[in-house]
Structure formats: C-alpha cells, structure tokens
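Reviewing the structure listed below.
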Amino acid sequence: MYIIVIGGGRVGYYLSKALLDEGHEILIIEKSPAVCEIVNDELGSICYRGDGCEASTLAQVGTGRADMLIAVTGDDEDNLIACQVAKHKFKVPRTIARIRNPKNEILFKKLGIDVTISSTNVILEQIAEEVPTHPIIHLHEIRDKGLEIVEIKIPQGSAAIGKALKDVDLPPGTIVPLIIRKALRPIIPAPATILMAEDQVIAVIEPMAEDALRQSLRGA
Amino acid sequence: MKVVIMGCGRVGARLAGLLDAEGHGVTVMDTDSYSFRRLPPGFKGKALVGNGIDEEALKRAGIEQADAFFSVTQGDNRNLMAAQIARHIFGVKRVICRIYDPLRQEMYESLGLESISPTTIIADTLRKKLEG
Amino acid sequence: MEFHRILVPVAGLEADIETVKLACRLARREKARILVMHVIPISRSLPLDTELTGEVKKAEKVLEEAAKLALELGCDIETDLLQARNVGPSIVDEALERQIDLVVMGLTYKRHFGQFSLGDVTPYVLKNAPCPVILYQQYQPE
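Residue numbers (the working numbering), protein chains in the order written: chain A, 98 to 317; chain B, -16 to 115; chain C, 365 to 506.
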C-alpha cells in the first residue's frame, strides 16, 4: 500500500518505521526542515518537506494514488484539514486522524474522517476500566447509531436520590434499560422507580450528552 | 442579530466594531487577551478569551444562540475547523470563514462552506488598479 | 590512493564526457573497474516500477555514449540503469552495494533563482558517500 503520513514528529516517525517494516510504501510530509533531515537520515529518503494541508503539496507527492493518509501532527485542526483535503480532492479511500481533544471525535466522524485516534481517550478508557469510582464508564459504542452505552454511579449526596426516574432531568433521548442496585438483583426500571445512593445506572446516550447525564445523576 | 467572531486581529476587530456600531450583539473571541486592544473604544459587545476550536469556549461565547459566525484567525486550518464546528455541531445558520490558501478555499467552497480568500481578492484588486 | 571500483553517475549533462574520461584515466593505472550508472527519478505520483519509455530510451542513450567513449579510451566499463524516487540516495546505495571505493561525478554550474546552487544530488552524495568523491565542475563562461 502507498501510505502518506502527515507529521514527522515522534508519532509519525515510529508509525512510519513500523509501516516500512511491514513493506508498505511510506511518505512523510513534514514542515520543519530539521525534522525532515533527521527522518531522511534515519529512515531513508521518505520525508518530503511541505505543508500536508496544501493541495499542491499533496498533488506533488501523488496523493491521488495513495491508499491511505494518516495525519498525526500535534494539532487537531491540521489533522482534520489534511484528511479532508485528501478525501475530497484526492479521493483517498481511507483517512485516519490523530486527535488531542477527545470531543473532536464526533466532529471528525461527522465530517467523514474514517478513523480517529485519541490518546486521551485511550488513557481515559484504561482508567475507567481500572478505577471503578470513575464517574462515567464507557461500556460500548454503537457506532452506526451515534450512541453509547455508559455506566454511571449515583454518589451519596446526589440530588437524584429519592426521586423517581421520570422526575430526574435526564438529557433528551436518554434510555435507562438497567439499574444495578447493591445487594439486589439488577432491575429493569419503570418510570416510577426511585433512585437510591450507590445505584449503578446503565444508560444509552448520545456522546454529547455525557456531561448533562453526569450533572443530572451525580450533581448535588 | 447575534454574531460570534473568532479571531480579534485587524480584520476581526474591525468587523466586530462595524457590526457593533450597527447594533448587532457581537461576541469576539481570541486566545490572546492582548489582541482585544484593537477593539474600538466604546465597543459594547463581549470580548472573550478562548479557542474557537473548543466547543466549550464556543458555548461560552453563545454560539448556541448565534445567527452568524465568522472565523478570521491567522490560521486557515483553525478557521476551517471552527467554521465546521459552528455549522455541523451547533447548526449556526450563517458561517463565513477566511482562508488564505486559494486552493483550500475553492475546495471548501465546493463542499458548501461559505468562505473568502483574501489572497485571491487582493491580488485581483491590485491587478485591476494597474488597468486603471 | 588506490581505487579498484569506481562509480560514475551520469546525468546526461555536458560534464559527463569529461567525468568518464577522468575516471578512465584513473582506472587505467590501477586496472580498476568502472561502473557508470544513471538514475531515472520517478515522481511520487507514479509507482516506482512505472516504465517511462521516453525516459528509459534517453537514459540508455546516455549510458551507450559513455560506454562508447570508454571503449575509445581503451577501458572497459559496466553500466547500470536504475529508477528511484531520489537520485542522491540511490547513488549512495549503489556505492555501498557494489563496494565502490571512489565516486567520480560531474556537475554543471547552476543558478537557481539567481543564486549559485549545487542542487540536491551533489550535496547528498558528498555528505553520505561511503568513500572518497571527486567532483568535476564543467566550466561555463558567463
């Protein structure tokens, strides 16, 4: 495969090195001449100096025949634009963007970027799995519906305690299919089910609604 | 009209001043508070330190109630990303974006993003001056 | 200095003739072997193994002429035609692979945007070659 990597920093460098070892044709586009020189010295002449968001640069390196473009600069906006230009101008079949701000995941997906990778999210997920007190645990993502299934625990002192589920101000569209209650069997809640402290609430929400859900179930 | 402007450089500040004088509700954002010195004296709108590619900052600037959004920072990519957030996440009706690179401008225009390339406009204006 | 394997990269320039002559003169004394190479640069927009018939013909002619000249000078040469993304690295790779102990290359004086320029290839070879390099610059009166 011909793979273009935007950004020759540490992520771009090690990624390219691994992909070269797998036998792919790799080209890195990097703005800084100093970084270019280091990459070229160490990986062979695979680094092209230029702006990977510029259509003219992408045309020069033959983006039209690329199978994949991976944007891994340190700036979300640069990664987004590089992927969009590759996708719309050069019809690159697969574009992958690194993102710093996990919230950008939704935007990037909406704008047609095929895959986004957020190291922040990867670490957060790891923490969520290992630290059960983390307020919201991502259980599953329903990608094609743009929904996710999360688990959230109601802490002592939450304003939701003692209220019926229907009276809690949940974000619009939230579905609560299950509540896991201490020392009891999990219950499928009815609108009148009263929430208790330490309840683990399983909810289906839109990713944007996470903060609102946290507010309504954990807020004092 | 409620207007959010991202970037308080010469263009952003001037635009903010003009719209404010016309009686629109203007909020101008910039990552550097020092750039707000460019706003005209008597500017009645809001000036807010924040990054326009951050949804939280945009919400603070009132993007959810805005009728129009302009992105006029120095960075083409930042402008493009902010404009797309305004349009696709917050559904702002009028979104206009400055892009220096004419090729990028052309492409995003064809994707339906309203944009202006000062490079094209100024080069053209200068050429026309010569023709008299 | 003794040389046993001399590499002469040619580019289809005027300087090629003198470069090949120089290499032959050096080779004769040591009975060294000469490898004349030419690299066709392939743009990234094409796969590396694309056959550019026109370019290949031109390159073959450049190599033939070098071989003819060498023969006239009583010196036997080997030729090699390569395709690469970048000319400099492929010259250096060839020098490494063929255990070359001297590179003789020519260049024509160049002006680039009004400034003196050695181009990309020569500085790369000078910096990275695994052996001595003799550079011949064709004199061009202003």
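Cβ atoms here follow ideal geometry from the backbone N, Cα and C, with glycine treated the same way.
Note that this is a predicted model, so its numbers are computed, not measured.
{"Item": "Helix, strand or coil: which one does DSSP assign to B:Lys29?", "Value": "strand"}
{"Item": "With 8 Å set as the bound, which would you pick, yes or no: does the beta-carbon of C:Pro453 sit closer than that to a beta-carbon of chain A?", "Value": "yes"}
{"Item": "Per DSSP, C:Gly470 is paired with what?", "Value": "C:Tyr500"}
{"Item": "Check whether chain A comes within 8 Å of C:Ser409, counting only Cβ atoms and requiring the distance to be less than that.", "Value": "yes"}
{"Item": "Between A:Cys150 and chain B, is there a C-beta pair that is closer than 8 Å?", "Value": "yes"}
{"Item": "Using a Cβ cut-off of 9 Å, pull out every chain A residue sitting near B:Met90, in sequence order please.", "Value": "Ala152, Gln181, Val182, His185, Lys186"}
{"Item": "Work out the CA separation of C:Leu445 and A:Ala179 for me, nearest whole Å.", "Value": "36 Å"}
{"Item": "In the DSSP assignment, find the unbroken alpha helix (DSSP H) run with A:Ala131 in it and report its ends.", "Value": "130 to 140"}
{"Item": "Compare the C-beta of B:Met(-11) with all C-beta atoms of chain A and state if any pair is closer than 8 Å.", "Value": "no"}
{"Item": "Distance check for A:Lys114 and C:Arg393, CA to CA, integer angstroms please.", "Value": "45 Å"}
{"Item": "Whole angstroms are fine: how far does the CA of A:His185 sit from the CA of C:Leu410?", "Value": "20 Å"}
{"Item": "What number of angstroms, rounded off, separates the C-alpha of C:Thr383 from the C-alpha of C:Ala391?", "Value": "12 Å"}
{"Item": "Could you check the C-alpha separation between A:Leu177 and A:Ser216 for me, to the nearest Å?", "Value": "16 Å"}
{"Item": "For A:Pro274, report the span of its beta strand (DSSP E) as first-last.", "Value": "272 to 277"}
{"Item": "Can a CB atom of chain A be found closer than 8 Å to the CB of C:Arg393?", "Value": "no"}
{"Item": "What residue ranges within the segment 148 to 229 of chain A form continuous alpha helix (DSSP H) runs of no fewer than 4 residues, ordered along the chain?", "Value": "152 to 157, 173 to 187, 201 to 207, 216 to 227"}
{"Item": "Contact criterion: CB-CB distance below 8 Å. Does B:Gly58 meet it with respect to chain A?", "Value": "yes"}
{"Item": "So with CB distances below 7 Å, who are the chain A contacts of B:Glu97?", "Value": "Chain A residues near B:Glu97: none, gap ~16 Å exceeds 7 Å."}
{"Item": "Express the C-alpha separation of A:Ile193 and A:Ile210 in angstroms, rounding to a whole number.", "Value": "6 Å"}
{"Item": "May I ask you to report which of helix, strand or coil DSSP gives C:Cys388?", "Value": "helix"}
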